[in-house]
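Peer 1:
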Amino acid sequence: MNFALHQSHCHRALRPAARAGRRSVAARTATVDAAAQAPPPQPGAAGGAPPSGLQYLSEAAKERALAATKNKFEKVKAEKCGSTSWTEVHELAAKLREGTSTWEDLNLDDVDVRMKFAGLFHRAKRTPKRFMMRLKLPNGEVTSSQLRHLAGVLAPCAADGCADITTRANLQIRGVRLEEADAIVAGLIDAGMSSIQSGMDSVRNLTGSPIAGIDPHELLDVRPLLRDMNAALFNGGRGNAEFANLPRKINVCVSPSRDDFPHTQINDLAYEAVPDAAAEHGVRFNVLVGGYFSLKRNIMSVPLGVSLEYSQLIPFTLNALRVFRDFGPRADRQKTRLIWCIEELGFEGFTAKVAEYMGVPTSAFGPHAHVAHDDAWERRDLLGAGLFWVGASVPAGRLQGAELAEIARVADKYGDGTVRLTCEENVLFPNVPEAALPAMLAEPLFAKFKANPGNLERGLVSCTGSQFCGFALIETKNRAMAVVEKLEAALDIPKAVRIHWTGCPNSCGQAQVGEQPALAEELEAGVPLVDEVLLPKLTQLLVEHFGATPKAHAAA
Numbered sequence: 001m002n003f004a005l006h007q008s009h010c011h012r013a014l015r016p017a018a019r020a021g022r023r024s025v026a027a028r029t030a031t032v033d034a035a036a037q038a039p040p041p042q043p044g045a046a047g048g049a050p051p052s053g054l055q056y057l058s059e060a061a062k063e064r065a066l067a068a069t070k071n072k073f074e075k076v077k078a079e080k081c082g083s084t085s086w087t088e089v090h091e092l093a094a095k096l097r098e099g100t101s102t103w104e105d106l107n108l109d110d111v112d113v114r115m116k117f118a119g120l121f122h123r124a125k126r127t128p129k130r131f132m133m134r135l136k137l138p139n140g141e142v143t144s145s146q147l148r149h150l151a152g153v154l155a156p157c158a159a160d161g162c163a164d165i166t167t168r169a170n171l172q173i174r175g176v177r178l179e180e181a182d183a184i185v186a187g188l189i190d191a192g193m194s195s196i197q198s199g200m201d202s203v204r205n206l207t208g209s210p211i212a213g214i215d216p217h218e219l220l221d222v223r224p225l226l227r228d229m230n231a232a233l234f235n236g237g238r239g240n241a242e243f244a245n246l247p248r249k250i251n252v253c254v255s256p257s258r259d260d261f262p263h264t265q266i267n268d269l270a271y272e273a274v275p276d277a278a279a280e281h282g283v284r285f286n287v288l289v290g291g292y293f294s295l296k297r298n299i300m301s302v303p304l305g306v307s308l309e310y311s312q313l314i315p316f317t318l319n320a321l322r323v324f325r326d327f328g329p330r331a332d333r334q335k336t337r338l339i340w341c342i343e344e345l346g347f348e349g350f351t352a353k354v355a356e357y358m359g360v361p362t363s364a365f366g367p368h369a370h371v372a373h374d375d376a377w378e379r380r381d382l383l384g385a386g387l388f389w390v391g392a393s394v395p396a397g398r399l400q401g402a403e404l405a406e407i408a409r410v411a412d413k414y415g416d417g418t419v420r421l422t423c424e425e426n427v428l429f430p431n432v433p434e435a436a437l438p439a440m441l442a443e444p445l446f447a448k449f450k451a452n453p454g455n456l457e458r459g460l461v462s463c464t465g466s467q468f469c470g471f472a473l474i475e476t477k478n479r480a481m482a483v484v485e486k487l488e489a490a491l492d493i494p495k496a497v498r499i500h501w502t503g504c505p506n507s508c509g510q511a512q513v514g515e516q517p518a519l520a521e522e523l524e525a526g527v528p529l530v531d532e533v534l535l536p537k538l539t540q541l542l543v544e545h546f547g548a549t550p551k552a553h554a555a556a
């Protein structure tokens with residue numbers, strides 16, 4: 001097994017989050033159409049039958065879903081909707097606990113596929129009978145009490161228990177047993193979190209800006225919008241069957257500044273804030289579509305050709321999903337992301353369908369807004385108010401339960417009791433008083449999770465890797481951390497370099513947008529990747545392309 005190391009040819013500059021800060025900016029909110037936000041009635045609710053996403057499909061979509069016999073996942077969804085997992089997780093957990101059922105009695109499609117609709121991913125190849133649980137944390141914002149709750153969830157998970165920050169500013173909890181999953185799901189709801197509809201063919205975690213509300217350069221604070229959008233999509237975290245049978249997963253983000261923290265280029269549906277004095281709150285939102293990575297296709301997002309008012313964002317999102325659900329192709333799993341639907345309908349045709357579903361003419365949308373940016377732009381932190389934000393680099397995003405609790409303690413002691421997660425798999429503490437900075441940075445937490453990391457560590461991104469993922473050809477997270485440590489010890493690296501590690505062609509580590517991608521490929525069966533091969537090659541690339549030089553002590 002080996003890595004293919006290449007210079008990135010599918011890259012646009014993605015600026016890292018700033019590490020110092022300013023006073024909190026008051027959130028700017030807008031009235032959003034309540035009808036557009038309200039969750040639809042759930043099928044079968046009155047009679048107690050499980051809700052089914054199939055009941056929401058158009059007749060044509062049902063025909064496509066039932067005809068997709070070569071697509072295993074469409075067959076599984078047609079036999080029984082994944083939304084049944086929202087209740088069955090409680091039933092199956094109770095049966096296993098009480099001994100009235102065994103693992104051998106369970107339906108594998110329920111365990112390995114449908115449970116993903118409840119956010120539970122069985123890691124059968126790596127940790128049998130253990131699950132990864134993916135959360136929903138809109139905009140990556142989490143409170144100290146929520147972090148302590150998650151630390152408690154991990155406590156009984158033994159050696160397999162850990163948490164990973166993801167490239168969608170989210171958390172994944174590992175080592176969960178199905179026997180305890182019902183209590184964990186209920187506990188998440190009580191703690192203001194959820195795992196429902198975080199997997200399979202659902203909308204993934206909504207991303208925005210890790211410094212929303214405290215960014216002097218943002219056009220508006222997107223946190224209220226993303227919370228409202230999350231509530232509309234997922235019925236307050238309890239599940240929304242209307243969006244439980246999409247053709248494929250979909251990534252949605254809102255970018256409130258030119259820094260583009262959520263990376264609009266690689267989202268299926270992205271909204272880019274642009275200044276417009278005549279619009280609500282002085283801001284319009286360009287609609288970008290189609291960005292994603294896969295085994296068969298890698299594409300950056302492109303303009304849909306329209307822009308929206310703030311109050312149109314949630315209705316447009318909900319109805320774009322309805323169009324995707326009803327018109328998206330389902331036969332070939334590799335050709336079912338949103339862009340395939342848009343290309344079939346045409347860009348104008350897709351826009352017209354969304355407008356039709358919204359009950360408005362296409363003239364209700366504005367044209368795409370073109371904004372010229374100064375190429376010399378660099379982020380400048382606004383100081384002087386006595387409040388800062390402090391970033392902590394979490395190598396490869398990997399956290400232990402005790403570290404979640406320690407992050408919570410630091411957030412309470414020095415900040416405002418909240419933490420922001422970033423799409424670069426790191427942590428940010430907002431609203432830290434200037435006087436508290438020396439004591440905060442002296443905390444043991446920052447010995448491991450550095451506020452001023454090396455130029456490789458700060459840009460390190462990694463997928464889960466073969467430790468927990470059955471698709472990965474190689475271990476990535478632990479290897480990435482070890483390799484970066486060795487490279488930084490041997491080289492002087494003059495600028496930050498983003499090395500993105502991904503263990504298979506699905507590219508969860510987003511290798512295509514790293515400055516130095518590392519994508520696992522099977523070059524020779526049975527031959528493992530060894531540092532003796534990898535380190536010299538990475539060293540050569542860093543020297544030739546990024547100006548690295550050997551450190552004097554290393555050369556000696």
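Residues in the sequence shown are numbered from 1 upward in steps of one, following full-length UniProt numbering.
The beta-carbon is built from N, C-alpha and C at its ideal position, and this holds for glycine as well.
Consult DSSP for F316 and reduce its assignment to one of helix, strand or coil.
Peer 2: Taking the first residue of the sequence shown as 1, we reach residue 316 at position 316. Residue state, collapsed to three classes: helix.
Peer 1: Identify whether V497 lies in helix, strand or coil by the three-state DSSP scheme.
Peer 2: For the purposes of this step, residue 497 is taken as residue 497 along the sequence shown, with counting starting at 1. Coil, per DSSP.
Peer 1: If you measure between the beta carbons of I493 and L460, is that distance less than 8 Å?
Peer 2: Working through the sequence shown from its first residue, we reach residue 493 at position 493. Working through the sequence shown from its first residue, we reach residue 460 at position 460. Not closer than 8 Å, so no.
Peer 1: Under three-state DSSP, which class holds C508?
Peer 2: Position 508 of the sequence shown, counted from the start, is the residue given in the question as residue 508. Residue state, collapsed to three classes: coil.
Peer 1: Quick check on the DSSP output: the beta strand (DSSP E) that includes T264 runs from which residue to which?
Peer 2: Along the sequence shown, one-based indexing puts residue 264 at 264. First-last for T264: undefined, no H or E at that position.
Peer 1: What is the DSSP secondary structure of G175, counted as helix, strand or coil?
Peer 2: Against the sequence shown, residue 175 aligns to sequence position 175. Residue state, collapsed to three classes: strand.
Peer 1: Taking the alpha carbon of R168 as the reference point, which residue from E457, T264, L313 has its own alpha carbon closest?
Peer 2: Counted from its first residue, the sequence shown places residue 168 at position 168. For R168, the closest alpha carbon among the candidates E457, T264, L313 is that of T264.
Peer 1: Apart from the five residues just before and just after A78, which ones in its own chain have a Cβ nearer than 6 Å to its Cβ?
Peer 2: The residue given as residue 78 occupies position 78 in the sequence shown. Hits under 6 Å: A65, L66.
Peer 1: Leaving out the 5 sequence neighbours to the left and right, which residues in its chain are closer than 6 Å to S85 when beta-carbon positions are compared?
Peer 2: One-based indexing of the sequence shown puts residue 85 at position 85. Around S85: R114, M115, F117, A118.
Peer 1: Quick one: using the 10 Å Cβ neighbour count with 16 as the cut-off for buried, is residue 622 buried or exposed?
Peer 2: As shown, the chain starts at 1 and ends at 556. That puts residue 622 outside it, with no answer to give.
Peer 1: Measure the C-alpha to C-alpha separation of N139 and A552 and round it to an integer number of angstroms.
Peer 2: As a first step, residue 139 is located in the sequence shown; it is residue number 139 there, counting from the start. As a first step, residue 552 is located in the sequence shown; it is residue number 552 there, counting from the start. Near 43 Å, if we compare the C-alpha coordinates of A552 and N139.
Peer 1: Are there three or more Cβ pairs, one per stretch, closer than 8 Å when the stretch 266-279 is compared with the stretch 353-364?
Peer 2: Between the stretch 266-279 and the stretch 353-364 there are fewer than three C-beta pairs closer than 8 Å, too few to call the two in contact.
Peer 1: As a quick exercise: from K95, L456, M193, pick the residue whose alpha carbon is nearest that of M133.
Peer 2: Taking the first residue of the sequence shown as 1, we reach residue 133 at position 133. Nearest of K95, L456, M193 to M133, Cα basis: M193.
Peer 1: Of the residues A369, V323, D260, P303, which one's Cα is nearest the Cα of A277?
Peer 2: For this step, residue 277 is matched to residue 277 along the sequence shown. Measuring from the Cα of A277, the nearest candidate turns out to be A369.
Peer 1: Just tell me which of Q516, L535, E532, P536 has its CA closest to the CA of F546.
Peer 2: Working through the sequence shown from its first residue, we reach residue 546 at position 546. Restricting attention to Q516, L535, E532, P536, the CA atom closest to the CA of F546 is found in Q516.
Peer 1: Among D531, V497, T502, V533, whose alpha-carbon lies nearest the alpha-carbon of E544?
Peer 2: Locating residue 544 in the sequence shown gives position 544, counting from the first residue. It is V497.
Peer 1: May I ask you to list the residues that DSSP assigns as paired with Y271?
Peer 2: As a first step, residue 271 must be located in the sequence shown, where it is residue number 271. Answer is V254, V287, bridged to Y271.
Peer 1: Just curious, the beta strand (DSSP E) that P247 is in, first and last residue?
Peer 2: As a first step, residue 247 must be located in the sequence shown, where it is residue number 247. From DSSP, P247 is part of no beta strand (DSSP E); its letter is neither H nor E.
Peer 1: On the CB-based measure, 16 or more other CB atoms within 10 Å of its CB, does W103 come out buried or exposed?
Peer 2: As a first step, residue 103 must be located in the sequence shown, where it is residue number 103. The residue in question, W103, is exposed, as its Cβ has fewer than 16 Cβ neighbours within 10 Å.
Peer 1: Fully enclosed by the stretch 129-217, which beta strand (DSSP E) runs are 3 residues long or longer?
Peer 2: Runs of the beta strand (DSSP E) inside the stretch 129-217: 130-134, 141-143, 162-165, 171-177.
Peer 1: What residue range is occupied by the uninterrupted alpha helix (DSSP H) comprising G349?
Peer 2: Position 349 of the sequence shown, counting from 1, holds the residue named residue 349. Unbroken alpha helix (DSSP H) run through G349: 347-358.
Peer 1: Could you check the C-alpha separation between A397 and A364 for me, to the nearest Å?
Peer 2: Taking the sequence shown and counting its residues from 1, one reaches residue 397 at position 397. Taking the sequence shown and counting its residues from 1, one reaches residue 364 at position 364. With the sequence shown as reference, residue 397 is identified as Gly, and Ala is not the correct amino acid for it. Rounded to whole angstroms, G397 to A364 spans 42 Å at the Cα level.
Peer 1: Any contact between the stretch 253-268 and the stretch 234-242? By contact I mean 3 or more CB pairs, one from each, below 8 Å.
Peer 2: Contact between the stretch 253-268 and the stretch 234-242 is absent, because fewer than three Cβ pairs lie under 8 Å.
Peer 1: Going by DSSP in three states, R420 sits in which element: helix, strand or coil?
Peer 2: By one-based count along the sequence shown, residue 420 stands at place 420. In the structure shown, R420 sits in a strand (DSSP, three-state: E or B).
Peer 1: Excluding the five sequence neighbours on either side, which residues of its own chain have a C-beta within less than 7 Å of the C-beta of N455, listed in chain order?
Peer 2: Within the sequence shown, residue 455 is the residue found at index 455, counting from 1. These residues qualify, in order along the chain: I493, K495, A496, V497.
Peer 1: For A451, which residues from the same chain have a beta carbon less than 7 Å from its beta carbon, with the 5 sequence-adjacent residues on both sides left out?
Peer 2: Taking the sequence shown and counting its residues from 1, one reaches residue 451 at position 451. Correct list, in chain order: R19, V390, G391, A392, L441.
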